[in-house]
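Student:
Number of protein chains: 4
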Amino acid sequence: MSARGPGAQRSERARNAIMKATRGELAAEGYDRLSIDRIAAAAGVGKQTIYRWYSSKSALIAECILRGDVLPLGFVVPQTQDCRADIAQWIDEFATESRSPLSAALTRAGVAAAAEHPEVAARYADVTRATESALIARLDLGVAAGQISDAMSTATMTEMILGALLYRVLNRQEITEQYSEQLLEPFFITAVRVSRD
Amino acid sequence: MSARGPGAQRSERARNAIMKATRGELAAEGYDRLSIDRIAAAAGVGKQTIYRWYSSKSALIAECILRGDVLPLGFVVPQTQDCRADIAQWIDEFATESRSPLSAALTRAGVAAAAEHPEVAARYADVTRATESALIARLDLGVAAGQISDAMSTATMTEMILGALLYRVLNRQEITEQYSEQLLEPFFITAVRVSRD
Amino acid sequence: MSARGPGAQRSERARNAIMKATRGELAAEGYDRLSIDRIAAAAGVGKQTIYRWYSSKSALIAECILRGDVLPLGFVVPQTQDCRADIAQWIDEFATESRSPLSAALTRAGVAAAAEHPEVAARYADVTRATESALIARLDLGVAAGQISDAMSTATMTEMILGALLYRVLNRQEITEQYSEQLLEPFFITAVRVSRD
Amino acid sequence: MSARGPGAQRSERARNAIMKATRGELAAEGYDRLSIDRIAAAAGVGKQTIYRWYSSKSALIAECILRGDVLPLGFVVPQTQDCRADIAQWIDEFATESRSPLSAALTRAGVAAAAEHPEVAARYADVTRATESALIARLDLGVAAGQISDAMSTATMTEMILGALLYRVLNRQEITEQYSEQLLEPFFITAVRVSRD
DNA sequence: ACGTAACCGAGACGGTACGTCTTGTCTTGTT
DNA sequence: AACAAGACAAGACGTACCGTCTCGGTTACGT
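Written out as structure tokens, the structure reads:
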């Protein structure tokens, strides 16, 4: 029946159960207060199975983040004609997700973990880098199209946008629609602005 | 004259020693891994003396933040004629402070604590609010003086600036001078920009 | 009259309240689990007032025992013509008292304290010695009257009787009337016995 | 073969080390003043390993008593022709053991624990019951052989003897040879006595 | 009559030990 | 071999008391 050779193969069932349980614990309890025993019990898994694959609590969270289970950054940046609308849509998706208490709790837990542990921060950076790159690429196109001023680096723009969004989540403030819109205001050369000048 | 009933008075020496030791632990170990036993020992204080006044580890960190011992936000925003230079100077001071590993570690620990615990977040907000208000006030003057576009809220500008700065600290990236300068670029109406339009 | 210098006199109210509260704690909680803090609170007294007069928990219990508040040994041994009836009556009084759960608990607590602390044992001995002496004296009269065999020491008889009674209290077994009567059986020369031989 | 599911089996090494360390603490410090932390350290065992198997300090002492580590009652009652000599020998063994300070301290600690905690008292009773039964059985043979008066219950005789012996240990008085001998005097029908009547 | 000294209730202090919880390792038996 | 279960050593957690010290305030002697 089994396609296995000698010795059991790594159980994908166990891996997924661990990830799911970790995500649940992270959301419910936060980063500290998270208990490996509880994760093992919830996943129906022996503790050693966790420690076999993850050397520590931080490594476990790191993997969780890397899989995209924690930070709500997995949205695709659209590529229409309208640069501002594309970025705005990505921000809206993030904002919408962040309004779910569970997702916000996960984000905070992930940030806390990254703040505390360099190894988690490294994984965290892998994920944010992907998102940053996508946003930067889209903004670069906007610069090329003359929709965005080239007076500042698009990388810095991205950090300002992501920074402001995370700042709101960490401070437990809602990311309203108006707020989202305002984030783009300073970067785009608008008709209104041009005409006013 | 005394405002309290009978019984020994609270020892200010103990309180200060606890705060100082807590700060040291935060910087050295981070928020989790922080040990009350070690703080008590370092402060030369009984554990109960800590627990008498702070109901939990989080409450202790919260007080530490409120006293301004953790986040490097205590700088005064200058009030010269040049709005951009004033804000830039505040950012430079923050950036300089953030280059100290100890200060960066403290900031990360504080953010992690705030991310995890609403009560810490509340204290954290008390402190950041003061800084935000000062920056907003200065920016508002800049708007009035026509140095800044009124197309977006100064509060949002402030959050974008602080968000970007914290984002760098959390990601363990240095806040370079160029980065600092770029943060102001999108908000100020410059001669170059005007002429280009 | 007073041999003391200036200053407030010892508060008899406080002393009594402490003794009463100690007795209550002993009966309710037993010897360990007894808390000076709780005694002070129950007595409406500062802790220092307890420590001023009693150097330790044991000294406090010792005083409590010495005042006759703990062991039910304060009964007078009657002196009628009938030695056996006199001793039997004393035993009955002890037995009756020992059936009160509170009194039995106090006795057990006192024995536990004496077993643990030589200083308590010394006070305990002061109290038991008085009782032993009274019983020995009455038994000696019985020996002189030919009612008791002189083949063994009356002191040992007394220890066997008290030992058996305490053994029952410690083991939480009731001291029944039959048991009390049997305790005297081996020591008295009875008509029945003489005639049978 | 195994009656248990998967998982590590209870470590007999740990159990024995705990018992040994508890006995040591009991003798050295007495029942109160006994510290679980110290026992764990002395036994080279985690505290949780103690609490996993013993719900409380009292339960730990109870087990210690049940294993015969505390009360010196493990001697066999001889069965020769001479009942008085048999009982006398058992008493002598107890008396000899009780002269060891360590053994006396253990006895006092055990009695104190039993006096304070019903659960300890129950285990204590399990142990004393075995000894009582053995003594009663031997005394019953003596009654059948006409060496002992049947005027009183042999159970009560046993309690008087054990009570007197414990009374001496608790009061920190030595059990001398004369004292031991006198304990048997009232129960046995001697030639002298018969002739006197 | 008044100051001085010992008392008092209250309660904060530096500590010890508690009993619980979590971590990461190790062992046993099952799949 | 990989797994679930779970015992283990280590040690941090927050709680309860300990015995000492300090705070204001209150007697009650001795001058």
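Residue numbers (this note's numbering), protein chains in the order written: chain L, 1 to 197; chain Z, 1001 to 1197; chain U, 2001 to 2197; chain X, 3001 to 3197.
All C-beta atoms in this analysis are idealised placements derived from N, C-alpha and C, irrespective of residue type, glycine included.
Given 8 Å as the limit, is there contact between the region 3114 to 3126 of chain X and the region 3079 to 3092 of chain X, that is, 3 or more CB pairs closer than that?
Tutor: The region 3114 to 3126 of chain X, when compared against the region 3079 to 3092 of chain X, does not touch it at the 8 Å Cβ threshold.
Student: Where does X/ALA3104 land, buried or exposed, given buried means 16+ other C-beta within 10 angstroms?
Tutor: Counting from 1 along the fourth sequence, the entry for residue 3104 of chain X is found at position 104. X/ALA3104 is buried by the Cβ-count criterion.
Student: With distance defined between alpha-carbon atoms, name the residue in Z/PHE1187, Z/ILE1175, Z/LEU1166, Z/ASN1171 nearest to L/ASN171.
Tutor: Looking up residue 171 of chain L in the first sequence gives position 171. Measuring from the Cα of L/ASN171, the nearest candidate turns out to be Z/LEU1166.
Student: Along the chain, where does the alpha helix (DSSP H) that runs through X/SER3180 open and close?
Tutor: Looking up residue 3180 of chain X in the fourth sequence gives position 180. Per DSSP, X/SER3180 belongs to the alpha helix (DSSP H) from 3177 to 3184.
Student: Let me confirm a value: U/GLY2099 is counted as buried when at least 16 other C-beta atoms fall within 10 Å, else exposed. Which label applies?
Tutor: Sequence index remark: in the third sequence, residue 2099 of chain U carries index 99 (1-based). Note that residue 2099 of chain U is Arg in the sequence shown here, rather than Gly. Burial call: exposed.
Student: Since Z/TYR1179 meets chain L, which of its residues come closer than 7 Å, beta carbon to beta carbon?
Tutor: The count along the second sequence starts at 1 and reaches residue 1179 of chain Z at position 179. Ordered by position in chain L, the residues that pass the 7 Å Cβ test against Z/TYR1179 are THR156.
Student: Across which residues does DSSP place X/PHE3188 in a beta bridge pair?
Tutor: Indexing the fourth sequence from 1 puts residue 3188 of chain X at position 188. For X/PHE3188, which the question treats as bridged, DSSP gives the partners X/ILE3148.
Student: Using a Cβ-Cβ cut-off of 7 Å (strictly less than) and excluding sequence neighbours within five positions of U/VAL2143, which residues of its own chain qualify?
Tutor: In the third sequence, the residue the question calls residue 2143 of chain U occupies position 143. Answer for U/VAL2143: ASP2150, THR2154, listed in chain order.
Student: Are the Cβ atoms of X/LEU3106 and X/LEU3026 separated by less than 8 Å?
Tutor: By one-based count along the fourth sequence, residue 3106 of chain X stands at place 106. By one-based count along the fourth sequence, residue 3026 of chain X stands at place 26. Against a cut-off of 8 Å, the Cβ pair of X/LEU3026 and X/LEU3106 comes out as a contact.
Student: Can you list, in chain order, the residues of its chain with a C-beta nearer than 6 Å to that of L/THR49? Leave out the 5 residues immediately preceding and following it.
Tutor: Counting from one through the first sequence, the residue named residue 49 of chain L turns up at place 49. Contacts found: ALA14.
Student: Expressed to the nearest angstrom, what Euclidean distance is found between the alpha-carbon atoms of X/LEU3071 and U/ILE2018?
Tutor: Position 71 of the fourth sequence, counting from 1, holds the residue named residue 3071 of chain X. Position 18 of the third sequence, counting from 1, holds the residue named residue 2018 of chain U. Whole-angstrom Cα-Cα distance: 36 Å.
Student: In chain order, what residues of the same chain have a beta carbon less than 8 Å from the beta carbon of U/THR2158, not counting five sequence neighbours either side?
Tutor: Taking the first residue of the third sequence as 1, we reach residue 2158 of chain U at position 158. Hits under 8 Å: GLU2132, LEU2135, ILE2136, LEU2139.
Student: If we ignore side chains and look at the alpha-carbon of each, how far apart do Z/GLU1093 and Z/ASP1069 end up?
Tutor: Residue numbering aside, residue 1093 of chain Z sits at position 93 when the second sequence is read from its first letter. Residue numbering aside, residue 1069 of chain Z sits at position 69 when the second sequence is read from its first letter. Using only the alpha carbons, I get a separation of about 16 Å.
Student: As a quick exercise: from U/ARG2168, U/VAL2045, U/ASP2037, U/GLY2030, pick the residue whose alpha carbon is nearest that of U/SER2011.
Tutor: Walking along the third sequence from the start, residue 2011 of chain U turns up at place 11. Checking every option, the nearest Cα to that of U/SER2011 belongs to U/VAL2045.
Student: Is there a Cβ from chain Z that is less than 8 Å from the Cβ of L/VAL199?
Tutor: Given a span of 1 to 197 for chain L in the structure shown, any question on residue 199 of chain L remains unanswerable.
Student: Looking at the structure shown, is Z/SER1035 part of a helix, part of a strand, or coil, going by DSSP?
Tutor: Taking the second sequence and counting its residues from 1, the one referred to as residue 1035 of chain Z is at position 35. Correct three-state label for Z/SER1035: coil.
Student: Quick test of your reading: X/LEU3183 and X/ALA3164, contact by CB under 8 Å. State the CB separation rounded to the nearest angstrom.
Tutor: Reading the fourth sequence from its first residue, position 183 is the one you call residue 3183 of chain X. Reading the fourth sequence from its first residue, position 164 is the one you call residue 3164 of chain X. At roughly 6 Å, the Cβ-Cβ gap stays under 8 Å, so X/LEU3183 and X/ALA3164 are in contact.
Student: Can you check which of these residues, L/LEU102, L/LEU73, L/GLN147, L/PRO101, is closest to L/ILE91 by C-alpha distance?
Tutor: Stepping through the first sequence from its first residue, residue 91 of chain L is reached at position 91. Residue L/LEU73 is the option with its Cα nearest to L/ILE91.
Student: Under the three-state reduction of DSSP, which class applies to L/LYS20: helix, strand or coil?
Tutor: Counting from one through the first sequence, the residue named residue 20 of chain L turns up at place 20. Three-state DSSP puts L/LYS20 in a helix.
Student: Any beta-carbon of chain U closer than 8 Å to the one on X/PRO3101?
Tutor: Locating residue 3101 of chain X in the fourth sequence gives position 101, counting from the first residue. Not closer than 8 Å to any Cβ of chain U, the Cβ of X/PRO3101 fails to qualify, so no.
Student: Taking DSSP as the reference, what is the three-state secondary structure of Z/GLN1089?
Tutor: Numbered from its first residue, the second sequence carries residue 1089 of chain Z at position 89. Correct three-state label for Z/GLN1089: helix.
Student: I need the straight-line Cα distance from U/ILE2148 to X/TYR3179, nearest angstrom please.
Tutor: As a first step, residue 2148 of chain U is located in the third sequence; it is residue number 148 there, counting from the start. As a first step, residue 3179 of chain X is located in the fourth sequence; it is residue number 179 there, counting from the start. Roughly 18 Å between the two C-alpha positions.
Student: Note down, in chain order, every chain Z residue with its Cβ under 7 Å from the Cβ of L/GLU185.
Tutor: Translated into positions along the first sequence, residue 185 of chain L becomes position 185. Those within 7 Å of L/GLU185 in chain Z are ALA1151, MET1152.
Student: By the DSSP assignment, the alpha helix (DSSP H) with X/SER3058 in it spans what residues?
Tutor: Taking the first residue of the fourth sequence as position 1, residue 3058 of chain X is located at position 58. Here the alpha helix (DSSP H) through X/SER3058 covers 3057 to 3066.
Student: Please name the residue in L/GLY146, L/ILE61, L/ILE87 whose C-alpha comes closest to that of L/TYR31.
Tutor: As a first step, residue 31 of chain L must be located in the first sequence, where it is residue number 31. Out of L/GLY146, L/ILE61, L/ILE87, L/ILE61 has the C-alpha closest to the C-alpha of L/TYR31.
Student: Is it right to say U/LYS2057 is buried, meaning 16 or more other beta carbons lie within 10 angstroms of its own, or is it exposed?
Tutor: Counted from its first residue, the third sequence places residue 2057 of chain U at position 57. Flag for U/LYS2057 reads buried.
Student: Check this for me: beta carbons of L/ALA115 and Z/ALA1112, under 8 Å apart or not?
Tutor: Working through the first sequence from its first residue, we reach residue 115 of chain L at position 115. Working through the second sequence from its first residue, we reach residue 1112 of chain Z at position 112. In this structure, Z/ALA1112 lies closer than 8 Å to L/ALA115 by Cβ.
Student: Going by beta carbon distance, what residues of the same chain come within less than 7 Å of X/LEU3141, once the five residues before and after it are set aside?
Tutor: Working through the fourth sequence from its first residue, we reach residue 3141 of chain X at position 141. Cβ within range, chain order: CYS3083.
Student: Return the residues of the region 2156 to 2173 of chain U that lie within a Cβ-Cβ distance of less than 8 Å from chain X, sorted by chain order.
Tutor: Answer set for the region 2156 to 2173 of chain U: THR2156, MET2157, GLU2159, MET2160, ILE2161, LEU2162, GLY2163, ALA2164, LEU2165, LEU2166, TYR2167, ARG2168, LEU2170, ASN2171, ARG2172.
Student: Residues of chain Z with a CB under 8 Å from the CB of L/ARG108: which are they?
Tutor: Your numbering for residue 108 of chain L matches position 108 in the first sequence. Those within 8 Å of L/ARG108 in chain Z are ALA1115, GLU1116.
Student: Is the CB of L/ALA125 under 8 Å away from at least one CB in chain Z?
Tutor: The count along the first sequence starts at 1 and reaches residue 125 of chain L at position 125. Yes, L/ALA125 counts as interfacial toward chain Z.
Student: If you reduce the DSSP assignment to three classes, tell me which class X/ALA3008 lands in.
Tutor: Translated into the one-based positions of the fourth sequence, residue 3008 of chain X becomes position 8. Correct three-state label for X/ALA3008: coil.
Student: Kindly indicate which three-state DSSP category X/VAL3127 falls into: helix, strand or coil?
Tutor: Numbered from its first residue, the fourth sequence carries residue 3127 of chain X at position 127. Helix.
Student: Does the beta carbon of U/ASP2032 come closer than 8 Å to any beta carbon on chain X?
Tutor: For the purposes of this step, residue 2032 of chain U is taken as the residue at position 32 of the third sequence. It does; some Cβ of chain X falls within 8 Å.
Student: For the putative contact between L/ALA95 and L/ILE175, defined by C-beta atoms under 8 Å, what is the C-beta separation to the nearest angstrom?
Tutor: Translated into the one-based positions of the first sequence, residue 95 of chain L becomes position 95. Translated into the one-based positions of the first sequence, residue 175 of chain L becomes position 175. Right, the Cβ-Cβ distance comes to about 4 Å (below 8 Å), so this counts as a contact.
Student: Based on Cα-Cα distance, which residue from L/ALA88, L/MET160, L/VAL169, L/TYR51 lies nearest to L/LEU102?
Tutor: As a working mapping, residue 102 of chain L is identified with position 102 in the first sequence. Of L/ALA88, L/MET160, L/VAL169, L/TYR51, the residue nearest in Cα terms is L/VAL169.
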